[in-house]
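S.K.: Residue numbers (my numbering), protein chains in the order written: chain A, 1306 to 1524; chain B, 1306 to 1524.
Just so it is clear, CB atoms sit at the ideal spot from N, CA and C, and this is done for glycine as well.
Number of protein chains: 2
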Amino acid sequence: MSAVESGAGEWTERQRDVLDAALRLIVEGRPLTMTSLASAASCSKETIYKWFGDRAGLLTATVRHQASRVRGTPLPEGRATRDALEASLHRFAVEWLTVLGGQTSVALNRLAVAHAGTDRAADLGAIVLNNGPLAMEARLVPMLEAGRLAGILDFDAGDAETAARSFFGLVVRDVQIRLLLGDPLSLSPAEIERDAGRATRQFFTLFAGGQHRSTGGDS
Amino acid sequence: MSAVESGAGEWTERQRDVLDAALRLIVEGRPLTMTSLASAASCSKETIYKWFGDRAGLLTATVRHQASRVRGTPLPEGRATRDALEASLHRFAVEWLTVLGGQTSVALNRLAVAHAGTDRAADLGAIVLNNGPLAMEARLVPMLEAGRLAGILDFDAGDAETAARSFFGLVVRDVQIRLLLGDPLSLSPAEIERDAGRATRQFFTLFAGGQHRSTGGDS
DNA sequence: AAACAACCGTACCGTACGTTACGGTACGGC
DNA sequence: GCCGTACCGTAACGTACGGTACGGTTGTTT
C-alpha cells in the first residue's frame, strides 16, 4: 500500500519485472505459486506479499498489467469511404484474430474463465471481459456508426452494437472457444488473413448500405 | 473395474446419482472435493475411488455423463426445401443458444477450459469440444450439404464446414465467451428466439443459392 | 447361521501451497 | 559509526485436499 492500491496507478520497473515473470509462468503452463514466482523472479515472497497483498491481488495486478499494453492500434479517423472502412475492418479482424490466437491471450482467458467460476474477490473475468470483447465493441461501434452516417453501412440507428457483435461472430466464430478447450488450432498468418477477408466480405454482404432491408427486425 | 472402465459403458443408477451430485456441486459453484462429493452424495470416499479411480476419472466420468444426455433433437431428414431448411436452422440456433446459456454448460465449459490449461491426463477439454462446437458442426454439415445439393444454399463443394462455422459465429457471437467470463448476460427465451431469427436470416443472406457470388473465395 | 460382498462413515497420512516470521545484506541519511 | 528502509532467501506454520485404511452395517448367498 505504498504508491498504488488496486486501481489505476503504475508499478515500479522492478515490480513490473515480477508481474512479467508471473505472466511468463502462466503462459508457459507452469504452476504459478508464490514460491515458484519468487524463484522465477528472483525476489522474496515477503516482497511479493508486501507489494500485492495476497495471491488474488497478484493475479489481478498481473492481468491488469497485461491488459494495459494490449490497446489496439488506433483506428484512422479520416473521411469514411467504403474502401477505407473495409480496410479498417479487415485490419481490425486480423489484429483481433492474432491476439486471440496468441499464447498470452489463451492463457489469460483460461485463468479468468477459471476464476470467474470460483472466486468472488478477484474479478479477473471482468477485467478480461472489459479488455476483450467489450473493448473490441467499444472500438468498433464508432467506426460502424461513422459508416452508417456516411451511407456505407445500413442498420437501424442504435444497432451499431448489434452489427459489431455480428462482425465479432463472423471473425471469431468457434476459434476462441476451441482454443480455450485445447483444440490444437494453427492460425497461421495466412489463414488469419484469409479468415479476416472472408469475415469482412461477409459483413459487407450483410450490412452494406442500400442493398437489402435491415436485418434487425423481429420474426 | 467391474463393468466399465473408462470408455463407452454406462453407470449404475447409484453411480449416476453420484455423478449428478458432482454435477450439482460444479453448477452451484461449490467446491468439488472428494470429501464434499461424498458428503453431498451420501456415499463414502472409498466407494468413489473404487468406482472412478481417482479425481481425474471422476471428472471425466462426470463430464461424459452430462455429455451423454445433451444429444440434440434429431433433425428431420425430409425433402429439403428452403422453408424447411430455414426452420431447421432456426430451431438449431434456438436449441444451441439455450444450451450455451444454461448453468450446466457454463459450469462445465469453465471446468474444461480450466483443466485444458493445466492437466495433461484428463482430456476434459477434448470431451467438451467433441460434444460442443464439433458436435454442432457434425450435425450441421449434412443439413447444409443437403441444402447445397438441393440448390437452396450456395457454397463451394467441401465448404460446408466453413459455412457451418460461419453460422456458429452468427448465432453465438460473443455470448459464450462473455458468459464464461462472468458477464451477467440474460438470454431470455424471447431474446434467444430473436437472435436465432437474426442469425438464420443473416446466414441465408450470405449463403442463399443463386443470389450472389460465392463468399468462400480467397482474396 | 455363517460367510461374504458392497457400502457407509470417519479417522488418518502425505503433500502442496498460501501466508507469516525471521535472519542476513545493501544502501542512503545523520 | 549508527539507524531505518528495502529487499533477498529460507524456514516454519496452518490448512485444504487427494488418497488410503479400517471398523461397522446391511443384504445376499450357501
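Between the alpha carbons of B/Gly1502 and B/Glu1496, how many angstroms are there, rounded?
M.R.: Numbered from its first residue, the second sequence carries residue 1502 of chain B at position 197. Numbered from its first residue, the second sequence carries residue 1496 of chain B at position 191. Approximately 10 Å between the Cα atoms of the pair.
S.K.: Mapping DSSP to helix, strand and coil, what is B/Ala1513?
M.R.: Start at 1 with the first residue of the second sequence, and residue 1513 of chain B comes out as number 208. In the structure shown, B/Ala1513 sits in a strand (DSSP, three-state: E or B).
S.K.: Can you pull out the residues from the stretch 1478 to 1497 of chain A whose beta carbon lies closer than 7 Å to at least one beta carbon of chain B?
M.R.: Listed by position along the chain: Arg1478, Asp1479, Gln1481, Ile1482, Arg1483, Leu1485, Leu1486, Gly1487 and Asp1488.
S.K.: Quick one: what does DSSP say A/Leu1439 is sitting in, helix, strand or coil?
M.R.: As a working note, residue 1439 of chain A is residue 134 in the first sequence. In the structure shown, A/Leu1439 sits in a helix (DSSP, three-state: H, G or I).
S.K.: If you check the beta carbons only, do B/Phe1509 and B/Phe1460 fall under 8 Å apart?
M.R.: Numbered from 1 along the second sequence, position 204 holds the residue referred to as residue 1509 of chain B. Numbered from 1 along the second sequence, position 155 holds the residue referred to as residue 1460 of chain B. Cβ atoms of B/Phe1509 and B/Phe1460: not closer than 8 Å.
S.K.: What does A/Thr1423 touch in chain B if you count any residue whose Cβ is under 8 Å from its own?
M.R.: Numbered from 1 along the first sequence, position 118 holds the residue referred to as residue 1423 of chain A. Within chain B, the residues near A/Thr1423 are Gly1334 and Pro1336.
S.K.: Output needed for A/Pro1438: all residues of its chain with C-beta closer than 6 Å, excluding positions within five of it in sequence on either side, in chain order.
M.R.: Counted from its first residue, the first sequence places residue 1438 of chain A at position 133. Nothing listed; no residue qualifies.
S.K.: List the residues of chain A whose Cβ lies closer than 9 Å to the Cβ of B/Arg1415, in chain order.
M.R.: Taking the first residue of the second sequence as position 1, residue 1415 of chain B is located at position 110. Going along chain A in sequence order, the residues near B/Arg1415 (Cβ under 9 Å) are Val1418, Ala1419, Ala1421, Gly1422 and Thr1423.
S.K.: For the stretch 1442 to 1500 of chain B, which segments carrying the alpha helix (DSSP H) assignment without a break, of at least 4 residues, lie completely within its bounds, in sequence order?
M.R.: Complete alpha helix (DSSP H) runs here, min 4: 1465 to 1477 and 1480 to 1485.
S.K.: Which one of A/Ala1504, A/Gly1407 and A/Thr1386 has the shortest CA to CA distance from A/Pro1489?
M.R.: The sequence position of residue 1489 of chain A within the first sequence is 184, counting from 1. The candidate whose alpha carbon is nearest that of A/Pro1489 is A/Gly1407.
S.K.: Which stretch, first to last residue, makes up the alpha helix (DSSP H) that contains A/Val1375?
M.R.: Position 70 of the first sequence holds residue 1375 of chain A. Here A/Val1375 belongs to no alpha helix (DSSP H), and DSSP marks it neither H nor E.
S.K.: Does the stretch 1447 to 1457 of chain B come within contact of the stretch 1438 to 1458 of chain A, defined as at least 3 CB pairs closer than 8 Å?
M.R.: At 8 Å Cβ cutoff, the stretches do not touch.
S.K.: Is there at least one Cβ from chain A nearer than 8 Å to B/Gly1430's Cβ?
M.R.: As a first step, residue 1430 of chain B must be located in the second sequence, where it is residue number 125. Yes, contact with chain A.
S.K.: Keeping to the same chain, check which residues put their C-beta closer than 6 Å to that of A/Gly1362; ignore five residues upstream and five downstream.
M.R.: As a position in the first sequence, residue 1362 of chain A is number 57, starting the count at 1. Taken in chain order, the list of residues that qualify is empty.
S.K.: Please classify A/Ala1443: is it buried, with 16 or more other beta-carbons within 10 angstroms of its beta-carbon, or exposed?
M.R.: Stepping through the first sequence from its first residue, residue 1443 of chain A is reached at position 138. Its Cβ having fewer than 16 others within 10 Å, A/Ala1443 is exposed.
S.K.: Leaving out five residues on either side along the sequence, give the residues of the same chain with a beta carbon under 7 Å from the beta carbon of B/Ala1412.
M.R.: Residue 1412 of chain B sits at position 107 when you count from the first residue of the second sequence. The answer, listed in chain order, is Ile1331 and Val1332.
S.K.: Does any C-beta atom of chain A lie closer than 8 Å to the C-beta of B/Glu1310?
M.R.: Working through the second sequence from its first residue, we reach residue 1310 of chain B at position 5. Bear in mind that the predicted position of B/Glu1310 carries a pLDDT of just 39, short of 50, making it unreliable; the figure below should be weighed with that in mind. It does not; no Cβ of chain A falls within 8 Å.
S.K.: Just to confirm, are A/Pro1470 and B/Arg1478 a CB contact at a threshold of 8 Å?
M.R.: By one-based count along the first sequence, residue 1470 of chain A stands at place 165. By one-based count along the second sequence, residue 1478 of chain B stands at place 173. A quick correction: the sequence has Arg, not Pro, at residue 1470 of chain A. Cβ distance < 8 Å, so A/Arg1470 and B/Arg1478 count as in contact.
S.K.: Measuring straight from C-alpha to C-alpha, what distance separates A/Val1446 and B/Asp1359?
M.R.: The residue given as residue 1446 of chain A occupies position 141 in the first sequence. The residue given as residue 1359 of chain B occupies position 54 in the second sequence. Rounded to the nearest angstrom, the two C-alpha atoms are 49 Å apart.
S.K.: Going along the chain, which residues of its own chain have a beta-carbon closer than 7 Å to the beta-carbon of B/Ala1385, five neighbours each way excluded?
M.R.: Locating residue 1385 of chain B in the second sequence gives position 80, where the first residue counts as 1. These residues qualify, in order along the chain: Ala1451, Gly1452, Ala1455 and Ile1457.
S.K.: Taking the straight line between their C-alpha atoms, what separation do you get for B/Trp1356 and B/Thr1367?
M.R.: Locating residue 1356 of chain B in the second sequence gives position 51, where the first residue counts as 1. Locating residue 1367 of chain B in the second sequence gives position 62, where the first residue counts as 1. Going by the C-alpha atoms only, they are around 12 Å apart.
S.K.: To the nearest angstrom, report how far apart B/Ile1353 and B/Leu1434 are at their CA atoms.
M.R.: One-based indexing of the second sequence puts residue 1353 of chain B at position 48. One-based indexing of the second sequence puts residue 1434 of chain B at position 129. About 26 Å.
S.K.: Check whether the Cβ of B/Val1433 lies closer than 8 Å to any Cβ atom in chain A.
M.R.: By one-based count along the second sequence, residue 1433 of chain B stands at place 128. Output row for B/Val1433: interface = yes.
S.K.: If I'm right that A/Leu1429 touches A/Leu1364 with Cβ under 8 Å, what's the distance once you round it to whole angstroms?
M.R.: On the first sequence, residue 1429 of chain A is found 124 positions in, with the first residue counted as 1. On the first sequence, residue 1364 of chain A is found 59 positions in, with the first residue counted as 1. The pair is a contact, with the Cβ atoms about 6 Å apart (cut-off 8 Å).
S.K.: Does the Cβ-Cβ distance between B/Val1476 and B/Ala1398 come in under 8 Å?
M.R.: Translated into the one-based positions of the second sequence, residue 1476 of chain B becomes position 171. Translated into the one-based positions of the second sequence, residue 1398 of chain B becomes position 93. Yes, these two residues count as a Cβ contact at 8 Å.
S.K.: Would you say B/Thr1505 and B/Glu1391 are within 8 Å of each other, going by their C-beta atoms?
M.R.: On the second sequence, residue 1505 of chain B is found 200 positions in, with the first residue counted as 1. On the second sequence, residue 1391 of chain B is found 86 positions in, with the first residue counted as 1. Cβ atoms of B/Thr1505 and B/Glu1391: closer than 8 Å.
S.K.: Look up B/Glu1351 in the DSSP assignment and say whether it is helix, strand or coil.
M.R.: In the second sequence, residue 1351 of chain B corresponds to position 46, counting from 1. Three-state DSSP puts B/Glu1351 in a helix.
S.K.: One question on the structure: do A/Leu1337 and A/Ala1327 come within less than 8 Å of each other, judged by their Cβ atoms?
M.R.: Here residue 1337 of chain A refers to the residue found at position 32 when the first sequence is read from its first residue. Here residue 1327 of chain A refers to the residue found at position 22 when the first sequence is read from its first residue. For A/Leu1337 and A/Ala1327, yes; Cβs fall inside 8 Å.
S.K.: Between the stretch 1433 to 1464 of chain A and chain B, which residues of the former have CB atoms less than 9 Å from a CB of the latter, in chain order?
M.R.: Going along the stretch 1433 to 1464 of chain A in chain order, one finds Val1433, Leu1434, Gly1437, Pro1438, Leu1439, Met1441 and Glu1442 with a Cβ nearer than 9 Å to chain B.
S.K.: I want to verify the contact list: residues of chain B whose CB lies under 8 Å from the CB of A/Arg1470, in sequence order.
M.R.: Numbered from 1 along the first sequence, position 165 holds the residue referred to as residue 1470 of chain A. By Cβ distance, chain B contributes Arg1478 and Asp1479.
S.K.: Would you say B/Phe1397 faces chain A, with C-beta separation under 8 Å as the test?
M.R.: Translated into positions along the second sequence, residue 1397 of chain B becomes position 92. Chain A, which has no Cβ nearer than 8 Å to the Cβ of B/Phe1397, makes this no.
S.K.: Given this structure, state the Cα-to-Cα distance separating B/Leu1484 from B/Ser1341, to the nearest angstrom.
M.R.: On the second sequence, residue 1484 of chain B is found 179 positions in, with the first residue counted as 1. On the second sequence, residue 1341 of chain B is found 36 positions in, with the first residue counted as 1. Near 26 Å, if we compare the C-alpha coordinates of B/Ser1341 and B/Leu1484.
S.K.: Since B/Ala1421 and A/Arg1415 should fall inside the 8 Å C-beta cutoff, what is the C-beta to C-beta distance between them, to a whole number of angstroms?
M.R.: Your numbering for residue 1421 of chain B matches position 116 in the second sequence. Your numbering for residue 1415 of chain A matches position 110 in the first sequence. With 8 Å as the limit, B/Ala1421 and A/Arg1415 qualify as a contact, their Cβ atoms being about 7 Å apart.
S.K.: Using DSSP with H/G/I as helix, E/B as strand and the rest coil, what is B/Leu1337?
M.R.: Reading the second sequence from its first residue, position 32 is the one you call residue 1337 of chain B. If DSSP states are grouped into helix, strand and coil, B/Leu1337 belongs with coil.
S.K.: Would B/Ala1417 be called buried (16 or more neighbouring beta carbons within 10 Å of its own) or exposed?
M.R.: Taking the first residue of the second sequence as 1, we reach residue 1417 of chain B at position 112. Classification for B/Ala1417: buried.
S.K.: What are the uninterrupted segments assigned as alpha helix (DSSP H) that are 4 or more residues long and contained completely in the stretch 1379 to 1412 of chain B, given in chain order?
M.R.: As far as the stretch 1379 to 1412 of chain B is concerned, its whole alpha helix (DSSP H) runs of at least 4 residues are 1387 to 1406.
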